[in-house]
Every structure is written in structure tokens, then in C-alpha cells.
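Everything below concerns the one structure shown next.
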Amino acid sequence: MKAPGKQMELKDNLFNRALFGDDFKWGVSTAAYQIEGGHDAHGKGPSVWDVFTAKSGAIPSGHHGNTACDFYNTYPQDIAVLKELGIPNFRFSLSWSRIIPAGTGEVNEHGIDFYNRVIDTCLANGIEPWVTLYHWDLPHELDLKGGWANREVVEWFKEFVQVCAKAFGDRVKYWMVMNEPMVFTGAGYFLGLHAPGKKGLNNFLPAVHHAVLAMAEGGRTLRSLLPDAQIGTTFSCSHIEPYTSGRKDVVAARRVDALLNRLFIEPILGMGYPEEDLPVAKKLKKYMKPGDSGLMQFDFDFIGIQNYTREIVKHSIFVPYLNAVLVKAENRKVPLTAMGWEIYPPAIYHMLKKYAEYENMPKLYITENGVAFPDTAVGGKVNDPERIHYIKSHLRQVLRAKEEGVDVQGYFVWTLLDNFEWAEGYHPRFGLVHVDFETQQRIIKSSGHWYKAFLNG
Ligand code: NOJ
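The numbering used here numbers the first residue of the sequence shown as 28 and each following residue consecutively.
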């Protein structure tokens, strides 16, 4: 019985960073609202998340990001941890309302200073900054004018992109215009579960169209101001399978796939919205103006793929527009994370293959992959072998896709620090580093030590 164990160990030792090639980018990803805190520090304006979390009942736990991981103050120590772990690339986002408190107009120099210090501290430690311009924290003032449902948001966003490109473009080479537009439009403008808590198609559809236009316009703005920069954007994606091979389930799965995995990338690639497989997308025409098809398109230098799981889809007559439901992982007797998501490593392989199949798809990076478990600190240590296993088994699937010719050039773990997980609050812990939210004490988890060994091996 001992021999197979030995063999596994050997295989594990052979699985190392070198297999991915010298140029492969390794990193961790974070987002402003989830870690910074400093919600009203030094002239920052409120974002939709500040306002949403302050509403009683909006977030079931009542949690908010007012202090979060206090990264606004602790960034020197946290970047020192990155250095200690030998993590060469750090992805973080810029808080729009820290930089332009009302979303448009006056710039807050304290906000610019903060990100200058973060960027400079990274560079001084030999860490490459990867900047996301929009990770869901729209300035509240813009929400009062309709937010993403108002077409003017494209101009407001362009102004923000210009300010950031001019302030940081001399040092930041890697830019991501948006983070997971499907999630902030779906959860924030259709389901009402995320800020700003809006619901229904009349909010969702214009938000989708304006997010597509803003993403492409953001790309064009960066390219014109920073011709040498690497410009990308990121998408959430889940591998979709039908519950049965029956026609109804298969068609329902195709609809959900079109919604979750194709609604944003296809217009960006110049293919328009996936109306054939997602009939409700035909209603987007109402928000389109002449010339929009061209404006929806942009040749990004890279696309960021963010994958965590797969979804199983069943036909249902009770869900309007979609006629489909996701079969909950907890009802499928499969291994689960603290988010209730199925652990299914081949999903990341399938998503890489799927995106790589599009004509004109640029190079891909995995800009997020990771897992929440109920980690606990015992005697100053956090032992999380399940996270090590999760990351390793997903990396094997990334390598499998790469070896089959997919142009995937990097992998970023979500995330560095346990943090504010949106509607779920602080309960799900995704970090390589444990955070005690009372004391702000950090403990590098065994997964953090493993990542260090893997990167330096
Ligand atoms: C996607 C989002 O970009 C990030 O903000 C979130 O925390 C992780 N996935 C985990 O849910």
C-alpha cells in the first residue's frame, strides 16, 4: 500500500514552476474595496459598496469594508510579505472614488498619492504592479445619476481612465480595464445582491451594454495614452454542463453558457451579442445607437480568465428569460468550498480551451483562481493543505491546456489576504495569508509557504 503514495510524492516533486516556462507570469490578485478600508480617508468619496453595505439587511452578515484588511495603512508590510513569498506580480485595483470622489470632476491628490506609494513600494521590492481600473466600486455620486444604467457612464469612465493613465502610466505596464463585468451587472443590476442593489432587466440590459462600451473605450483610451502598455480586461467564467443529455437540459445549458461565458467577450471580439443562444440578448438592441457595433470592439493585448468551478444546468419553466436553473453543488454530493462551490479542477482547462478557440483571441492569463475554506489559526499557524491541493490540481489543468497549445502565459492566485468577500462578508477566507480582522494580525498559511517554495523551486 505504500508504493502508490511514494509515486504520488515523486510526481509532486516533479511538478514545478519550470514546466510552465521562464516567461510565465506568477502572481496574486486583490481588489480595492475588499482590502483597503480607509473608506473615508483623506478626501475619498463614497462608492456604491460603502453605501450598499451601510443599508440594513443588504448584506446578510451586516459586514462592510470600512476597515477590511486596512491595506490603506498596512500596504508596506503586505508588500513586504509578497516579497518574502517571492511573488513577482501583484494585481490590485484602483478605487475610482478615492481618485475622483464624485466620479467626475475634481481629482483627489491624496488618492493619487496613495496609489503612487503602492506602485513605488512594489517596484522598489522588485514586484510588477498589475492594475485593474474597475473592480466594482462605482462612485456613489454616479449611481445617483443612474450608474451603469446611464450611457453617460462611458464618458465618466473614460475620464477616470485618462486620469489614471496619466498619473501611473510611467510605471505601470500591465492594465486591466474591468473585472468580471458579468458579475457586477448580474449581481448588482439584475439580482440586487451586490451594490448598488438594483434589479430587473430594465437595469441589467443597459448596464451590460454600457459596460461593454466602457470596456472597449477604456482599452482605446489606454492605448492612445500608453502605446507601450499591455492592455487587458478580465472575465468570470464557469464550465457549464447539462444535467442530463436530454434536449431541454442541453439547450438550457447553452443559454446559461451564453449568459455567463459569452455575453461580454463576444462583442469585444467584434461578434456582437450571442443572441442566437440567448434570446433575451435581442432586447439589448433597445440600448444600441448607430455605430455601437464598432465601438463595442477592442483588440486587447490579453484576456484575463477567472475560474473557480463548474455549473450543472437544468431546464426550468420557473425562471423567466433563461428557463434554466443551476443545480446546487451541495445537492450533487461533490466536494465543496466554503462558498458552496464544487471543486472541479478540469473546469479551468475547459475554459482555457473554450476561450482559445475564438478567432483573434489574444494571449490569456489566469488572473484569478483560488478557494475559500474555513481556515483557523492554531498556535500562530494556519494549516490549509486543501488549498495547496486545490491550487496544485488547477495548475496541472492549466499546464495541460498549455501543453495542448493554448497560449496561456500566467497564473494569479485569488488572493493574498483573507478579505471582504462581497455579499458573503468576511466569512469565506480565500487568502494565502490569514487575517485576524480584530487585530489585523497576518499569518502566512501553509499554502503561502507552499506557493513560495513552488515559485522558488
Ligand atoms: C471574483 C472577484 O473578482 C473577486 O472580487 C472575488 O472575491 C473572487 N472572485 C472570489 O469570489
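For each residue, glycine too, the CB sits at the ideal point set by N, CA and C.
Query, Result
"Exposure of LEU240, with buried meaning 16 or more beta-carbon neighbours within 10 Å", "buried"
"beta-carbon GLU25 near ligand 1 non-hydrogen atom, thresh 7 Å", "The chain is shown from 28 up to 484; residue 25 falls before or after that span and cannot be answered."
"Reference TYR161; option with closest CA among THR148, ARG178, ARG125, VAL134", "ARG125"
"Extent of the continuous alpha helix (DSSP H) run through ALA238", "228-252"
"Rounded C-alpha distance that separates GLY506 from GLY130", "Any property of residue 506 remains undetermined from this structure, which presents the chain solely from 28 to 484."
"Backbone secondary structure at MET203 - three-state DSSP", "strand"
"TRP157 CB to nearest heavy atom of ligand 1 below 7 Å", "no"
"Local conformation of TYR161 per DSSP, three classes", "strand"
"Own chain, CB closer than 7 Å to ALA374, minus 5 neighbours either side, in chain order", "SER265, HIS266, ASN334, THR336, ARG337"
"TRP441 Cβ short of 7 Å to ligand 1 heavy atom set", "yes"
"Nearest-angstrom beta carbon gap, TYR453 and PHE439 [assumed within contact, 8 Å]", "That pair is no contact at about 22 Å."
"Outcome for PHE345 when other beta-carbon atoms lying within 10 angstroms are tallied against a minimum of 16", "exposed"
"Same chain, Cβ closer than 8 Å to ASN143, neighbours up to 5 away in sequence not counted", "ALA194, PHE195"
"ASN334 CB to nearest heavy atom of ligand 1 below 7 Å", "no"
"C-beta atoms of PHE98 and VAL158 nearer than 8 Å", "no"
"Buried versus exposed, by CB contacts within 10 Å (16 or more), ALA30", "Model confidence at ALA30 stands at a pLDDT of 45, short of 50, so the residue's coordinates are unreliable; what they give is reported in the following sentence. Exposed, by the Cβ-count rule."
"Contact test: GLU207 Cβ vs ligand 1 heavy atom, cutoff 7 Å", "yes"
"Neighbourhood of LEU228 by C-beta, 6 Å cutoff - its chain only, sequence neighbours within 5 removed", "none"
"Cβ neighbours of LEU379 in the same chain (closer than 6 Å, five flanking residues each side left out)", "ALA428, VAL433, VAL435"
"Three-way DSSP call (helix, strand, coil) for MET28 in this model", "Note that MET28 has pLDDT 39, beneath the 50 cutoff, so the model's placement of it is unreliable and the number below is only indicative. Correct three-state label for MET28: coil."
"Inter-residue spacing [alpha-carbon to alpha-carbon] between ASP164 and LYS38", "43 Å"
"Length of the line joining the Cα atoms of PRO389 and TYR382", "10 Å"
"Whether ALA404 touches HIS461 by CB criterion (8 Å)", "yes"
"Cβ-heavy atom distance, PHE291 to ligand 1, below 7 Å", "no"
"Sequence-distant residues of its chain with Cβ nearer than 8 Å to LEU46 (five each side left out)", "LEU426"
"Spatial neighbours of ILE470 in its chain, beta-carbon cut-off 6 Å, leaving aside the 5 residues before and after", "ALA404, VAL409, HIS461"
"LEU171, DSSP secondary structure in three states", "helix"
"LEU421 versus GLY406, GLU369, ASP445, residue with shortest Cα-Cα distance", "According to the sequence provided, residue 421 is His. The question's Leu does not apply to it. For HIS421, the nearest C-alpha among the options comes from GLU369."
"DSSP bridge partner residues for ASN396 (one or two, in chain order)", "VAL440"
"Separation of GLU357 from LYS341, as counted between CA atoms", "15 Å"
"GLN485, enclosing alpha helix (DSSP H) - first and last residue", "Outside the shown range of the chain (28 to 484) lies residue 485, about which nothing can therefore be said."
"Cut-off 6 Å between Cβ atoms - residues of its own chain near VAL210, not counting five sequence neighbours on either side", "SER263"
"Identity of the residues DSSP links to GLN333 by a beta bridge", "SER263, GLU395"
"Cβ contact (3+ pairs, closer than 8 Å) linking the segment 165-174 and the segment 133-150", "no"
"Between the CA atoms of PHE457 and THR57 - distance to the nearest angstrom", "11 Å"
"Under 8 Å between C-beta atoms of VAL181 and GLU136", "no"
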